[in-house]
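Residue numbers (this note's numbering), protein chains in the order written: chain A, 1 to 393; chain B, 394 to 786. Note that CB positions come from ideal geometry on N, CA and C, so glycine has one too. First up is the structure itself, then whatever we jot down about it.
There are 2 protein chains.
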Amino acid sequence: MTDSARASGIVAADASELLAILRDGVPRTRAQLAELTGLARSTIAVRIDTLTETGLVAPAGDDVSTGGRPPARIRFNPDSRVVLAIDLGATHGVVALADLAGTITTSESRRLRISDGPEAILDWALETAERLYAATGRPLGDLVGVGIGVPGPVEHSTGLPVNPPIMPGWDRFDIPTYVRRVFDVPVLVDNDVNLLALGEHALAWPDQSELLFVKVATGIGAGIISGGRLQRGAQGSAGDLGHVRVPFTSETPSHGASDADLEALASGPAIARALTAAGIPAASSDDVVALARTGNAEVLQAIRQAGRDLGEVVATCVNLLNPSLVVVGGSLSQVGEQLLAGVREVVYQRSTPLATQHLTITQSRSPETGGAIGAAIMVIQDTLGVASRPLPR
Amino acid sequence: MTDSARASGIVAADASELLAILRDGVPRTRAQLAELTGLARSTIAVRIDTLTETGLVAPAGDDVSTGGRPPARIRFNPDSRVVLAIDLGATHGVVALADLAGTITTSESRRLRISDGPEAILDWALETAERLYAATGRPLGDLVGVGIGVPGPVEHSTGLPVNPPIMPGWDRFDIPTYVRRVFDVPVLVDNDVNLLALGEHALAWPDQSELLFVKVATGIGAGIISGGRLQRGAQGSAGDLGHVRVPFTSETPSHGASDADLEALASGPAIARALTAAGIPAASSDDVVALARTGNAEVLQAIRQAGRDLGEVVATCVNLLNPSLVVVGGSLSQVGEQLLAGVREVVYQRSTPLATQHLTITQSRSPETGGAIGAAIMVIQDTLGVASRPLPR
C-alpha cells in the first residue's frame, strides 16, 4: 500500500472492523454488531453514524420485531462509491468501473501493444476512463481509487514497474503520479497475475485459502494466495515464474536449449516458435490457440509438452506452497485440456503425496474482465482498510 | 490446529485481543487498553478480570499518578503456565520446558535415531519430560500444551506424519493420542523445519515479514514466513524442498545422476557419498562438518558445489516468494561460508533483480534449541488464540 493510499483511506481504522462484517451483504442490527465485535453499544452507535455519513452503510429496513419498536438494521452500500480498474496485458487492455463489492458496472477493452510505452497506453486508458465515468453522471468525489495491472514486475509500495522484460519504456515509470494528474485519488499498481489471482479467488474460490494462479500467455507468472491473502513478498515480485529454470530430466526431450527459462519453453511465443520450426507457421499465443482448435496432432503434442515443462516448475511450487488448488489461466489456457493434461502428468508424478492427495489442477473460471475485477478488489481491500489491518503478532 | 486444541484453548476468543497487546511485555492501564482496542471500559474490566483469574495477566504496580488514586496497570504474566516442547531430528532430540514468552526454562538433549520408531523415541521424550516437569514442583494443571517437531511431512490438522522418508515406522502414527496418555493437554505436531522457521523468526527477525528458512542436514526442507505468518499450505506440507528437481544447466557438473532431487545432491549424506567416492571417507553431515574444519580444499569444493545446487532451488524459491531474508540452518550450515557462498553465487545470478536487490542470505542465528523454541511458540500462538484469529476477508 502506498502512503498516499494509507493517508486517504475512506474509513478510519476503527470502523473497518464493522465494515468487514457488513461487507458480506447481510443487514444487521446494532445489537447484532455489538455481539459480534464485543464493542460497546455506544461505540457501535458512533461508528455506524460515521459510516452512514460516508454513505458506505445505509439503513436496511427493520428487523423482525420482538415487541415494541423494531430495531433498525444496517447494510453495506456497495453503490456508494466507484472504483476505476485498468488491466493492461501485453496485447490487450481493459478499462472498467466497479462498485465496492467488486462488481463491474461498465467496461471497455481493446487490443494494444504494451511496448508502445507508458504515455500512449495510459493516455488511452485515462481518456477511456474519463468518458466511462462521465457517462455515469456521478461526481468525481465518488471515485475512491484506481487499481492498475501491468504485465511485469511491480514494486508494490511505489507502484513502479522494475525491469519489466516485455514492457520497454516502462522501467521505473511513475504510473501513480501520471494517473493522479487526471484522477487525484490513491493509485495502486500490481502485476496483472496478482490481480488475476485476486479476482479468481474472490469470484470462484472465496473459501479456499491456499491457491496458486498460473497465467500462461505471452509471459508466464503466478499469483499466490496463502492463508487467504495475496502474498506479494518483500518487494512485490512474488510469483515471478517466467525466469525460473526448468529442471531437465532424462525423459525431457531436448528443446535445443540446455539453459532454458520457463518462458523460453512454455509461453505462447515459445510454442509458436517450436511450431514454426516444425513447418507450422505461428507467431503468437492466439495463433497457437487457433491452431489447437483445428485438432492438428503435432500442435496438440507441442502444447502437451509445454504443459509438461510448465508442470516441472508447478511441481516445485506445489512442494513449496502445498496449495489445495492450482488454477491455470491466461490466453493459452484456452487451448483446452492438452495444456492442463501435461501439467497434471508431471505434477502428480513429481510432487510429494501429501501435497497432491487433495490437489485440484483446473482451468481459470474468471471472465475476460478477471484482471480488472482483481484490480478493483485490490483498491477496495486497501481503501476500506480490510486487508491492510495489521496482523496480531 | 487440531479440534482438541481449539476446544481447550485457555483464553476465550474475545480476550485474545487484549492478550495479544499485552504479550509485548509492556504494562498498561485499563484506560490505555480501552483506547488501543476501542472496547468499552466495562468490557475491558470483565475481560481483564477473566484473564487475571487465569493468572495470564497480573497487576504490575501503579502508573504515574495524574492526581488522585493512581490507575492500576496490568501486565502479561509469562510464568503463569508451562509449555512442553519436543524437537526430534533424524539423529538428535531435545526435550524442553518453556514459559508463555517462549523462553526455555529447562531442557535436555541426546543423540538418537529417529528410525528406532515412534514408541521408543516418544517413550524417551515423555519420560524425560515427566522428570523435568516433576523437578519444577508445579502442578500438572499449569501445562497448557505440548509442541512436537519431527523430521518429515506432517498433516498439521491431525498431527500425523505422512509418508516421512527418513522416519520408518512413523507413517500415520498417532503422535497426539500417544502423548496425551501421559500429558492430557492439546498436542500440536509439525515438521521440524517449520518450527525452526518460527523460532528463528521470533528470536532473531521479529520485524521481518518475509523470511525463508532452509534447513540443510540429513534432509533438506524449508519453512516459509509470508505476511508475518508461518505458511503451512493446505495439508501442512509447504516447504518440502528435499524432493524438488534441481535444474541442470550447461555449467552444472555431472553428479552421475541426471534426475536428481535436491536431497540427493546437497544434503549431508549426499556430500559424504561424493567425498567417499573421491577417496575421502565420510558418512554423515557431522563427518562433513568435521572435514570442512580441517580446511581440505577438495572438501570445501564439494561443499561449495552443494551450495550451488541448493542455490538453484533457492533461486526458484526467491523468484516465487520474494523473501527479504533467506536463512540457512541445520547441522550442515556449520561448515561456514562455503555453503552460503555457493547459494549466493547462484541465487544472485538466477533470480530477478527486483527479488534480489534487498535480499539477505545469511546463516541461522538460532541456538541448538531453536526447534524447541519454535515448538513452544507454536503452542503459545495456538492456545493463546493469537495466531488463530481469523483473518478479515
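Could you list which residues in chain B have their beta carbon closer than 8 Å to that of residue i, in chain order?
i	result
residue 354/A	546, 548, 555, 556, 628, 629, 630 and 633
residue 245/A	640, 642, 705, 708, 709 and 743
residue 358/A	627 and 628
According to DSSP, which residues form a beta bridge with residue i?
i	result
residue 554/B	547/B
residue 107/A	96/A
residue 189/A	148/A
residue 76/A	57/A
residue 86/A	95/A and 148/A
residue 622/B	619/B
residue 52/A	According to DSSP, which records beta bridges pairwise, residue 52/A is partnered with nothing at all.
residue 28/A	74/A
residue 383/B	With chain B represented from 394 up to 786, any question about residue 383/B goes unanswered, as that position is not in the structure.
residue 341/B	An answer regarding residue 341/B cannot be provided, because it is not within the stretch 394 to 786 covered by chain B.
residue 143/A	82/A
residue 360/A	325/A
Let's test the definition: count the other Cβ atoms within 10 Å of the Cβ of residue i and tell me whether it reaches 16, buried, or not, exposed.
i	result
residue 245/A	buried
residue 207/A	exposed
residue 358/A	exposed
residue 794/B	Nothing about residue 794/B can be reported from this structure: the residues present for chain B run from 394 to 786 only.
residue 421/B	buried
residue 774/B	buried
residue 676/B	exposed
residue 210/A	buried
residue 289/A	buried
residue 452/B	exposed
residue 550/B	exposed
residue 329/A	buried
residue 730/B	exposed
residue 116/A	exposed
State the Cα-Cα distance for the pair residue i and residue j, rounded to the nearest angstrom.
i	j	result
residue 201/A	residue 43/A	33 Å
residue 576/B	residue 303/A	56 Å
residue 310/A	residue 324/A	18 Å
residue 446/B	residue 472/B	14 Å
residue 732/B	residue 425/B	49 Å
residue 765/B	residue 496/B	10 Å
residue 354/A	residue 136/A	51 Å
residue 40/A	residue 46/A	10 Å
residue 370/A	residue 532/B	58 Å
residue 741/B	residue 414/B	39 Å
residue 153/A	residue 666/B	41 Å
residue 314/A	residue 233/A	18 Å
residue 192/A	residue 150/A	5 Å
residue 312/A	residue 411/B	47 Å
residue 223/A	residue 680/B	42 Å
residue 612/B	residue 110/A	52 Å
residue 513/B	residue 228/A	39 Å
residue 767/B	residue 590/B	7 Å
residue 596/B	residue 487/B	18 Å
Say whether chain B places a C-beta atom closer than 8 Å to the C-beta of residue i.
i	result
residue 320/A	yes
residue 345/A	no
residue 38/A	yes
residue 267/A	no
residue 329/A	no
residue 227/A	yes
residue 368/A	no
Between residue i and chain A, is there a C-beta pair that is closer than 8 Å?
i	result
residue 624/B	yes
residue 613/B	no
Could you name the residues of chain B that residue i contacts, counting a contact when the two beta carbons are closer than 7 Å?
i	result
residue 210/A	626 and 627
In chain A, which residues lie less than 9 Å from residue i when you measure between Cβ atoms?
i	result
residue 717/B	233, 234 and 235
Given that residue i touches chain A, what residues does it touch there, using C-beta distances under 7 Å?
i	result
residue 436/B	38 and 40
Hey, does residue i have any beta-carbon neighbour from chain D nearer than 8 Å?
i	result
residue 316/A	As a matter of chain content, chain D is missing from the structure shown, whose protein chains are A and B.
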